[in-house]
Amino acid sequence: MILGRHCARNCGFCCIENNKGIFQPPDKDELLRIREAVKRLGARKIVITSVTRDDLEDGGAGHFADCINILRETNPELKIEVLVPDFQGRAESVETVIAARPDIFSHNVETVPRLYADVRPMSDYKRSLSVIRNAKKKAQDTDIKSGFMVGLGETEAEVYSVIEDLRRSGCDIVTIGQYLRPDSKCLEVKEFVTPEKFERFSEQARKMGFKEYSSSPFTRSSYI
Ligand code: SF4
């Protein structure tokens with residue numbers, strides 16, 4: 001996770017602390033540390049994600065691109081996935097990250113639109129779909145991925161609708177997993193979704209033509 005330990009947002013499912021308006025500039029040494037970690041681990045794939053940095057003009061897109069570039073220079077075979085914030089919907093920021101050519105560009109919608117007020121109060125479902133759409137428009141040959149949690153109070157019909165919205169926005173890979181409360185300050189689990197229901201979500205993803213999909217209680221966004 002890059003761009004600091006604190007986030008500018010306050011999602012109800014996440015235990016990362018809000019930065020309460022205190023921002024640090026991106027740490028350039030972070031790039032060197034990531035490169036060193038990948039080397040030492042002998043990693044063949046890396047997922048780079050970040051907190052949301054609404055204070056930065058580009059939302060941290062340039063720092064994502066720098067990470068991709070330094071890792072590519074070091075190991076051209078490394079598979080690089082980026083899981084990015086919404087960059088407040090800025091198409092130029094999406095373009096900056098896409099231009100660095102990650103293997104997978106990922107942005108999670110996290111939940112169904114009706115629950116955004118509690119689950120992602122500072123985010124916007126349509127804006128997140130626009131991130132996916134803009135990424136696909138700029139890079140037809142890059143895999144675009146998204147994911148969301150279930151068990152937060154959504155209906156089955158709402159889940160189908162999100163699966164359809166994602167596919168129509170150009171998403172190629174989708175992950176659907178059970179929400180588990182990371183901390184007592186976070187939202188409560190409303191439902192433990194049955195494996196049969198997860199199967200039905202998989203079936204919907206298959207019908208919609210996703211290139212890859214995973215829907216199960218333990219699916220997480222970096223699962224595939
Ligand atoms: S934007 Fe991401 S890191 Fe920030 S609170 Fe929400 S889920 Fe957590």
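Residue numbers (the working numbering): 1 to 224.
Cβ atoms here follow ideal geometry from the backbone N, Cα and C, with glycine treated the same way.
Bear in mind the structure is a predicted one, so any value in this text is a computation, not a measurement.
- Residue selection by CB proximity (closer than 5 Å to any heavy atom of ligand 1) returns Cys7, Arg9, Cys11, Cys14, Ile16, Val51 and Thr52 in chain order.
- Partner residues in a beta bridge of Thr194, as assigned by DSSP, do not exist.
- Taking each of Gly12, Asp27 and Phe13 in turn and checking the Cα distance to Arg5, the smallest one comes out for Asp27.
- Ala135 and Ala61 have their C-alpha atoms roughly 13 Å apart.
- Within the same chain, Cβ atoms closer than 6 Å to the Cβ of Ser214 are found at Thr175, Tyr223 and Ile224, the five residues on either side in sequence being excluded.
- Between Glu196 and Ile163, the alpha-carbon positions lie close to 17 Å from each other.
- DSSP places Ser130 in the helix class (H, G or I) of the three-state scheme.
- For Gln178, the beta-bridge partners assigned by DSSP are Val150.
- In the three-state reduction of the DSSP assignment, Leu166 falls in the helix class, which pools H, G and I.
- At least 7 Å separates the beta-carbon of Ile173 from that of Asp124.
- Judged by DSSP in its simplified three-state form, Lys39 adopts helix.
- Straight-line measurement puts the Cα of Asn10 at about 14 Å from the Cα of Asp55.
- The region 5-82 is shown to contain whole alpha helix (DSSP H) runs of 4 or more residues at 29-41 and 61-74, in chain order.
- Separation of Thr194 and Pro217 (C-alpha to C-alpha, rounded to the nearest whole angstrom) is 8 Å.
- Using a C-beta cut-off of 8 Å, the region 149-162 makes no contact with the region 99-107, since fewer than three inter-stretch Cβ pairs fall below that distance.
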